[in-house]
Structures are given as structure tokens and as C-alpha cells.
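Okay, so here's the structure we're looking at.
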Amino acid sequence: MDKIPVSSSLKKVFREDKKQLNLALFGAEDYELIFTVPHSKAKLLKKLVPHISYIGKIDSSEKVKYFYDGKEQKIKYSGYKHF
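Quick note on numbering that gives the first Met the number 0: the sequence shown kicks off at 0 and runs consecutively.
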């Protein structure tokens, strides 16, 4: 989770990392594209798009795991309620 890009404006308003991440993950607005690329193509992609952020990886498990500073984190999915 510490690899998820967070805007400088959000950092100014919410100085605590957990609040920033909560809004980035569940704040209802999508500001970044998220996609996958084969590991064998990662270096080429970074060369073509230098400002890209790597935020995770996919493995053979069916679970979503969140890590911060290398430690697995338990977070409660809160979602966003429009109404």
C-alpha cells in the first residue's frame, strides 16, 4: 500500500499515512489506471512510461493481501456509499 501514488494536496490535508491510503483506496474517485503486465515486460513498460507506479503483484493465490512497509496489513473494505 505504501507504493500507491497519493497527491501532494491529499498529503497536505491528511498528514497521517493511513488516512491518505483509506481515501486513495475507498474514496470513490478513480484518479489512476490500474492494470497488469507480465513480469517479462515490466522493464520495457518502465522505459516507455517512466512515471508509472508499481503497486503490487498477482500470484497464484485467490486472496487480496495488503502490505505496508513489507508487513501484511488487515484492512476493512469500507467502499463508498453514493446515497
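Just so it is clear, CB atoms sit at the ideal spot from N, CA and C, and this is done for glycine as well.
Annotation: residue 75 to residue 64 spans about 12 Å, alpha carbon to alpha carbon. The beta carbon of residue 2 sits closer than 8 Å to the beta carbons of 52, 53, 54, 55 from its chain, once the five residues preceding and following it are set aside; these are given in chain order.
Shown here, residue 13 sits in coil according to DSSP, grouped into three states, outside any helix or strand.
The stretch 36 to 69 is shown to contain whole alpha helix (DSSP H) runs of 4 or more residues at 41 to 47, in chain order. Taking 8 Å as the cut-off, the beta carbon of residue 9 is found closer than this to the beta carbon of residue 22.
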